[in-house]
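Report on the structure given below.
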Amino acid sequence: MGRERGRTRQLIFLCLAGLNFFFFLGCASLSKLISPPPEAPVEKIPPKEAMSPAAKSIEKANQLLKQGKFEASLKENERALSLAGKNSPGDRALFNMGLIYAHGENPQKNYEKSLYFFNMILKDYPRSPLIEETKIYIKLLNENKELNEQIKRLAETPRRTDYVKVAPDKLGLANELFKKGDYEGSLKENQRVLSLSGKTIPRDRALFNLGLIYAHGENPKKDYGKSLFYFNKVITDYPESPLTPEAKLWVKMLQENQQLLEMIKKVKEVDIAVEEKKREKGK
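If you read the sequence shown in the numbering used here, its first letter stands for residue 1488, the second for the next number, and so on.
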């Protein structure tokens, strides 16, 4: 309940910030442009010819990030940080690196590294105008990390298979493959069982297994969206199954995870929009 209230406060915070930015500019779409917290001082972007080498690296890094060139953007931000040291725009370089490692489309996405860079801002730049937004990211990423750890523990918990009194061998191979870490093989075997006809087929178990496979942290093809689909199938198609209560728990955790990721994405979009507007004003 406390976590839900916390997320509600964050959403209210972002909405209020957006209204402030809208009335300040008087010319932009509220759906696209949202301001930073009103109490935070707004960074002023100088004309390009007056930019420091570090600021120029930041601008180049932002363009690379917009193009999806995460590795190149990361290196350019590292260069900016080395040029700026403990001065601005070193805080922006760290913030950008945190964003890069939190980006859902980055193949090298790493929330631990993202948290590291955001925490560096709190430590080295306590008066940065990015502080409040940084704190929001840290809170969201920590909650996401906690949920992922719960999901991983649950996925690795041994499951009952003896409740199936009829034809228990139907999923024997699928379960063995899952235990060995052969997720692709187990996936195909569970799908094969689902394709069989007859009243003795443990389809609820096969669907549940598919949900587990896609939720497992060590599965290279982990996909929480697909995991949600299969757990929901257990709930809707087999409401009396002994697996349904656990499937409901899975659905709750995975939905919370998705909500957190959406909030992280929205905060990121806010920051990019604000940066672009400030850059336009500085030209």
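Using N, Cα and C, we set each Cβ at its ideal position, and we do this for glycine too.
Unbroken alpha helix (DSSP H) run spanning residue i, endpoints
i       : result
Tyr1603 : 1598-1611
Phe1723 : Contrary to the premise, residue 1723 reads as Thr rather than Phe in this sequence. Element bounds for Thr1723: 1711-1724.
Asp1691 : 1690-1702
Leu1730 : Run containing Leu1730: none; DSSP gives neither H nor E here.
Lys1562 : 1557-1571
Met1584 : 1577-1589
Ser1673 : 1670-1682
Ser1544 : 1540-1553
Lys1666 : 1659-1666
Within 8 angstroms, strictly: CB atoms of residue i and residue j
i       : j       : result
Leu1658 : Arg1679 : no
Phe1582 : Leu1609 : no
Gly1698 : Ala1661 : no
Phe1605 : Ile1625 : yes
Residue of the options minimising C-alpha distance to residue i
i       : options                            : result
Lys1713 : Glu1749, Ser1569, Glu1636, Tyr1701 : Tyr1701
Ser1728 : Phe1695, Gly1555, Tyr1612, Ile1545 : Phe1695
Lys1639 : Gly1577, His1703, Glu1546          : His1703
Asn1631 : Val1738, Arg1690, Gln1746          : Gln1746
Glu1558 : Tyr1670, Gly1572, Gln1595, Lys1739 : Gln1595
Leu1438 : Val1738, Val1757, Lys1753, Val1754 : Because the chain in this structure spans residues 1488 to 1770, residue 1438 falls outside the shown range and cannot be described.
Asn1744 : Pro1732, Tyr1725, Gln1637          : Gln1637
Glu1592 : Ala1567, Leu1570, Glu1599, Lys1556 : Lys1556
Gln1742 : Tyr1711, Glu1756, Pro1726          : Tyr1711
Leu1570 : Ala1542, Pro1707, Gln1554, Thr1723 : Ala1542
Spatial distance of residue i from residue j (CA atoms)
i       : j       : result
Met1607 : Ser1682 : 52 angstroms
Gly1513 : Glu1763 : Any reading at Gly1513 needs caution, since the residue's pLDDT is 38, under 50, leaving its predicted position unreliable; the model's value is listed next. Cα to Cα, the separation comes out at about 16 angstroms.
Asn1549 : Lys1686 : 58 angstroms
Leu1517 : Glu1663 : Residue confidence for Leu1517 is low, a pLDDT of 29 falling below 50, so the modelled location carries little weight; the figure read from the coordinates is stated next. In a straight line, the C-alpha of Leu1517 is about 53 angstroms away from that of Glu1663.
Asp1611 : Asn1574 : 9 angstroms
Tyr1603 : Pro1540 : 25 angstroms
Ser1601 : Glu1767 : 28 angstroms
Glu1565 : Glu1619 : 22 angstroms
Leu1503 : Lys1622 : Caution applies to Leu1503, whose pLDDT of 41 falls short of 50 and renders its modelled position unreliable; the value that the coordinates give is listed next. Cα to Cα, Leu1503 sits roughly 17 angstroms from Lys1622.
Asn1597 : Ala1589 : 6 angstroms
Pro1732 : Glu1599 : 32 angstroms
Glu1546 : Leu1715 : 39 angstroms
Val1754 : Leu1730 : 37 angstroms
Pro1576 : Met1538 : 11 angstroms
Val1529 : Lys1553 : Its pLDDT being 46, under 50, Val1529 is placed unreliably in this model, and the coordinates cannot settle the point.
Lys1666 : Tyr1725 : 25 angstroms
Glu1756 : Tyr1670 : 35 angstroms
Own chain, CB closer than 8 angstroms to residue i, minus 5 neighbours either side, in chain order
i       : result
Lys1709 : Tyr1701, Ala1702, His1703
Glu1676 : Leu1658, Leu1660, Ala1661, Leu1664
Gly1668 : Glu1705
Val1721 : Asp1691, Leu1694, Phe1695, Gly1698, Ser1728, Leu1730, Thr1731, Ala1734
Asn1629 : Leu1602
Beta-carbon proximity list for residue i, same chain, < 7 angstroms, skipping 5 on both sides
i       : result
Val1651 : Low per-residue confidence applies at Val1651: pLDDT is 41, beneath 50, and the placement is therefore not dependable enough to give any value.
Leu1551 : Ala1559, Ser1560, Glu1563
Ser1615 : Asp1578, Ile1608
Gly1672 : Leu1664
Gly1572 : none
Ala1580 : Ile1545, Asn1564, Ala1567, Leu1568, Ala1571
Neighbourhood of residue i by C-beta distance below 6 angstroms, restricted to the same chain and skipping five residues each side
i       : result
Leu1674 : Ile1700
Leu1627 : Leu1747, Met1750, Ile1751
Phe1718 : Gly1698, Ala1734, Trp1737, Val1738
Ser1544 : Glu1563, Arg1566, Ala1567
Gly1585 : Ser1601, Phe1604, Phe1605
Heavy atom of the ligand HEM within 7 angstroms of residue i beta-carbon
i       : result
Pro1613 : Of the ligands one can find in the structure shown there are none, so the ligand HEM has no counterpart to examine.
Interface flag, residue i vs chain C, CB-CB below 8 angstroms
i       : result
Leu1699 : Among the protein chains of the structure shown there is no chain C, as only one such chain exists.
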